[in-house]
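Engineer:
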Amino acid sequence: MRRNDPLSRIVDGLSSLKLTLVCLALLMVLVVACTLAQVNLGIHLAVDRYIRSFLVWYVPEGTSLRVPVFPGGGLAGGLLLLNLILAQFRRLELSWRKAGLWVVHIGLALLFVGEFATAVLQVESNMAIEEGQTKSVSEDYRRMEVVVTDATDKEFDEEFAIPDALLKSRAEIADPALPFKLVVRAYHENAELSMGGAPSGATMGVGAGMSVTPRHPVTADGEQNTAVALVEPVLKDGKSLGVYLLSNGLGAPQGFIHEGRSWKLALRLRQYRHPFSLTLKDFKHDRYPGTNIPKNFSSLVRLKDPAAGDDRDVLIYMNSPLRHGGLTFYQASFGKDDTLSVLQVVRNPAWTLPYVSCVLVALGLLWHFGLMLKKSLGARNS
Amino acid sequence: MARMGKCYNGPMRTELSSLVVFSSVFLMAACGDESITRARVPKEETPAAAAHGPGDGHDHEDHTGHDHAAQAPGLRWTMPSGWKETPGTGMRLATFTPPGGLKTEGTVVSLPGDSGGELANANRWRGQIGLPPTDEAGMAASRTKLTTKAGPVSVYDFTSEGASKTRLIAAVVKTGETTWFFKLMGDAAATESARPGFMTIIKGLQP
Numbered sequence: 012m013r014r015n016d017p018l019s020r021i022v023d024g025l026s027s028l029k030l031t032l033v034c035l036a037l038l039m040v041l042v043v044a045c046t047l048a049q050v051n052l053g054i055h056l057a058v059d060r061y062i063r064s065f066l067v068w069y070v071p072e073g074t075s076l077r078v079p080v081f082p083g084g085g086l087a088g089g090l091l092l093l094n095l096i097l098a099q100f101r102r103l104e105l106s107w108r109k110a111g112l113w114v115v116h117i118g119l120a121l122l123f124v125g126e127f128a129t130a131v132l133q134v135e136s137n138m139a140i141e142e143g144q145t146k147s148v149s150e151d152y153r154r155m156e157v158v159v160t161d162a163t164d165k166e167f168d169e170e171f172a173i174p175d176a177l178l179k180s181r182a183e184i185a186d187p188a189l190p191f192k193l194v195v196r197a198y199h200e201n202a203e204l205s206m207g208g209a210p211s212g213a214t215m216g217v218g219a220g221m222s223v224t225p226r227h228p229v230t231a232d233g234e235q236n237t238a239v240a241l242v243e244p245v246l247k248d249g250k251s252l253g254v255y256l257l258s259n260g261l262g263a264p265q266g267f268i269h270e271g272r273s274w275k276l277a278l279r280l281r282q283y284r285h286p287f288s289l290t291l292k293d294f295k296h297d298r299y300p301g302t303n304i305p306k307n308f309s310s311l312v313r314l315k316d317p318a319a320g321d322d323r324d325v326l327i328y329m330n331s332p333l334r335h336g337g338l339t340f341y342q343a344s345f346g347k348d349d350t351l352s353v354l355q356v357v358r359n360p361a362w363t364l365p366y367v368s369c370v371l372v373a374l375g376l377l378w379h380f381g382l383m384l385k386k387s388l389g390a391r392n393s
Numbered sequence: 016m017a018r019m020g021k022c023y024n025g026p027m028r029t030e031l032s033s034l035v036v037f038s039s040v041f042l043m044a045a046c047g048d049e050s051i052t053r054a055r056v057p058k059e060e061t062p063a064a065a066a067h068g069p070g071d072g073h074d075h076e077d078h079t080g081h082d083h084a085a086q087a088p089g090l091r092w093t094m095p096s097g098w099k100e101t102p103g104t105g106m107r108l109a110t111f112t113p114p115g116g117l118k119t120e121g122t123v124v125s126l127p128g129d130s131g132g133e134l135a136n137a138n139r140w141r142g143q144i145g146l147p148p149t150d151e152a153g154m155a156a157s158r159t160k161l162t163t164k165a166g167p168v169s170v171y172d173f174t175s176e177g178a179s180k181t182r183l184i185a186a187v188v189k190t191g192e193t194t195w196f197f198k199l200m201g202d203a204a205a206t207e208s209a210r211p212g213f214m215t216i217i218k219g220l221q222p
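These protein sequences, in sequence, are chains A and B. If you count the first sequence from 1, position 362 lands on 373 in our numbering, and the numbers rise without skipping. If you count the second sequence from 1, position 7 lands on 22 in our numbering, and the numbers rise without skipping.
1. How far does the alpha helix (DSSP H) with HIS116 (chain A) in it reach, from first residue to last?
2. CB PHE197 (chain B) to CB ALA186 (chain B), shorter than 8 Å?
3. Kindly indicate the opening and closing residues of the beta strand (DSSP E) around GLN282 (chain A).
4. Taking only beta-carbon positions, decide if ILE216 (chain B) is within less than 8 Å of chain A.
5. Going by the CB atoms, is the gap between ARG107 (chain B) and THR93 (chain B) shorter than 8 Å?
6. In whole angstroms, what separates the C-alpha of ILE51 (chain B) from that of GLN282 (chain A)?
7. By the criterion of Cβ-Cβ separation under 9 Å, what are the contact partners of ARG91 (chain B) in chain A?
8. Closer than 7 Å by C-beta to ILE96 (chain A): which residues in its own chain qualify, once you throw out the five before and the five after it? Chain order, please.
9. For a contact meaning CB atoms closer than 7 Å, what does LYS58 (chain B) contact in chain A?
10. Within its chain, find whatever has a CB closer than 6 Å to the CB of LEU6 (chain A); leave out the 5 residues flanking it on each side and keep chain order.
11. Are MET329 (chain A) and ASN303 (chain A) close, meaning C-beta to C-beta below 8 Å?
12. Could you tell me the distance, in whole angstroms, from the CA atom of SER352 (chain A) to the CA atom of HIS296 (chain A)?
13. Quick one: give me the first and last residue of the beta strand (DSSP E) that LEU314 (chain A) is part of.
14. So, under 8 Å CB-CB, GLY125 (chain A) and ALA361 (chain A) are touching, yes? Tell me the CB distance rounded to an integer number of Å.
15. Given this structure, state the Cα-to-Cα distance separating GLU151 (chain B) from ASN136 (chain B), to the nearest angstrom.
16. Go ahead and label ILE217 (chain B) buried or exposed: buried means 16 or more other beta carbons lie within 10 angstroms of its beta carbon, across all protein chains shown.
17. Does any residue of chain A bring its CB to less than 8 Å from the CB of GLN143 (chain B)?
18. Based on the DSSP output, what are the partners of THR52 (chain B) in its beta bridges?
19. Counting only the same chain and skipping the five closest in sequence on each side, list residues whose C-beta sits under 7 Å from that of LEU112 (chain A).
20. Helix, strand or coil: how does DSSP classify SER344 (chain A) here?
21. Determine the closest residue to VAL56 (chain B) out of A:ALA373, A:GLU166 and A:LEU261, with distance taken between C-alpha atoms.
22. Quick check: the region 198 to 207 of chain B against the region 178 to 185 of chain B, are there 3 or more CB pairs under 8 Å?
23. Are the CB atoms of VAL158 (chain A) and ALA172 (chain A) within a distance shorter than 8 Å?
24. Using DSSP bridges, identify the partner residues of ALA197 (chain A).
25. Determine the contact status of LEU257 (chain A) and VAL242 (chain A), defining contact as a CB-CB distance below 8 Å.
26. Does PHE65 (chain A) have its Cβ less than 8 Å from a Cβ in chain B?
27. Determine the chain B residues that contact MET215 (chain A) at a beta-carbon separation under 7 Å, and present them in chain order.
28. Apart from the five residues just before and just after ASN236 (chain A), which ones in its own chain have a Cβ nearer than 7 Å to its Cβ?
29. Alpha carbon to alpha carbon, what distance is there between THR46 (chain A) and LEU56 (chain A)?
30. If I measure Cβ to Cβ from ILE117 (chain A) and keep anything under 7 Å in the same chain, skipping five residues before and after, which residues do I get?
31. Can you name the residues of chain A whose CB is closer than 8 Å to the CB of GLU49 (chain B)?
32. Please list, in chain order, the chain A residues whose beta carbon lies closer than 7 Å to that of SER179 (chain B).
33. Step through the CB atoms of chain B and report whether any lies within less than 8 Å of the CB of ARG284 (chain A).
34. Residues of chain B with CB under 7 Å from PHE171 (chain A), in chain order?
35. Taking only beta-carbon positions, decide if LYS99 (chain B) is within less than 8 Å of chain A.
36. Could you give the DSSP three-state label for TRP68 (chain A): helix, strand or coil?
Written out as structure tokens, the structure is:
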């Protein structure tokens, strides 16, 4: 007998077909809104605001007010996943007759889990390589890091990379291996640097004569922020080594010498180091004969991974990426008169889930409709 | 969507807790990315050549972002034999590497205006090698003046104190509203060896 207590009513609501339809409708609206929003926000910010969020917020211009106006993809997708799981357990009988539907539901649930996992775990960066150049580092154009480098050694630099998230959230940053801590005086995600004007607060380095005007972070896909950090190295005895203005817009090296060790400070695009290298042997930009219409872009690279015993040529072209070391390298862009290739580097531990999901859904539907067909043919024959 | 069948009262609590565990794992994984990372990097990989513009895959522009010409607009120079020049990024226009793997490096930076004045810049350089600030007289004692085709150049020479000495030679030249800074900095002995080549660059500056 069906129970009628509040918990059962909630579970009934959460597992209802009406909720499924509402969630699907919400997701369709979100996809359309997100697609339109890409015009002004760029793809990454639009996806973050509409799809990879629990609520879509409206922020009136010039205010700090945030008004939730619509459920985000995280909420609609999460509800749909919960709805799917509850409906499966509450309404589907555990039998061979319904096995196809079970597999379809598991496949769909996996698709949602895969998207959540991708949203949280995926790391994207880019590797720009010129022909003849070898690289084992990729960079994230949308994130920054402050790097403190002990440049004393003749052969090696010892780098301590501090991600922008720490610079935004902490007032002081320390590491046991550093003889000083970094006091974060200010961090601007985007700013304009100029000479003269109101002092930035920097007392050392190239930024001492500069002023900083904070700007809204850029959103278009082709633009890049000029991040600015004002940091103050402070020794363990409390002595300040001055305030430095660091920015990815400044190429000038800044630093100091402390107890015979040479330290450098910089703010740069976030870097990811890989235990293998790629050498660009040739980049090709094929066009249709007699036109400038691109036909194909491809990068012939030499992959060297001593640890894995890999040393081979790989051709990367559209829809044919290189997968190695848990990373996927896609042909993304190019430049410098076709002598520079930009590869998008994606680390997504959940990349196989959508494929597994599609296979499960296909198998489940085949099983289910096969059974239905068999049943229908049996009924006709009898 | 699948057709609904017979009611099945399964272990709902277990499913909900599985979701919570899933979410927690994802959140922990996300947080784990935000910590200080340490890396040992060979010197030759360090140059600032890392800064590139966004590669969005749609336009046909040069995606290296700040791709300065080897000879930046407004000033030209010539590399002495064996010296290597690599393009810089941001305000750094170029990096000069002397021959012989010397532990010193030359840089070119151009900034609008006078960039805070001579004394402020001299003290900034002194600070970079751990020297205390100086006054006008101290600055004048460290300065020599040259005349080049690009105009008068002030050259400052500072050496740090202590057992491991660092030397910094900086040349400053103004062209119109722009101030150019050519700097050679590194191990004192290496900088001394590279000094003649660096000064050849400075003396050969042309508008």
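Every residue, glycine too, gets a C-beta built ideally from N, C-alpha and C. These figures come from a predicted structure and were not determined experimentally.
Structural biologist: Well, looking at it:
1. 110 to 132
2. yes
3. 272 to 298
4. no
5. no
6. Spanning the two alpha carbons is a distance of roughly 12 Å.
7. Ordered by position in chain A, no residue passes the 9 Å Cβ test against ARG91 (chain B), which lies about 19 Å from the chain.
8. ALA120
9. GLU166, PHE167 and ASP168
10. Past the edges of chain A, shown from 12 to 393, lies residue 6 (chain A), and the structure says nothing about it.
11. No, the Cβ-Cβ distance between MET329 (chain A) and ASN303 (chain A) is not below 8 Å.
12. 10 Å
13. LEU314 (chain A): member of the beta strand (DSSP E) spanning 305 to 316, first to last residue.
14. In this structure GLY125 (chain A) is in contact with ALA361 (chain A), their Cβ atoms being roughly 5 Å apart against a cut-off of 8 Å.
15. Approximately 12 Å, taken between the alpha carbons.
16. buried
17. yes
18. A:ALA172
19. LEU103, GLY375 and HIS379.
20. strand
21. Of the listed residues, the one whose Cα sits closest to VAL56 (chain B) is A:GLU166.
22. As far as the Cβ criterion goes, the region 198 to 207 of chain B touches the region 178 to 185 of chain B, which means the pair count is three or higher.
23. yes
24. Note: ALA197 (chain A) is bridge-paired with A:LEU241 in the DSSP secondary-structure output.
25. yes
26. no
27. Under the 7 Å cutoff, chain B gives ARG139 and GLY142.
28. GLU200, ASN201, PRO228 and VAL229
29. 11 Å
30. LEU371
31. By Cβ distance, chain A contributes PRO174, ALA176 and LEU177.
32. GLY271
33. Yes, because at least one Cβ of chain B sits closer than 8 Å to the Cβ of ARG284 (chain A).
34. Simply ILE51 and ARG53.
35. no
36. strand
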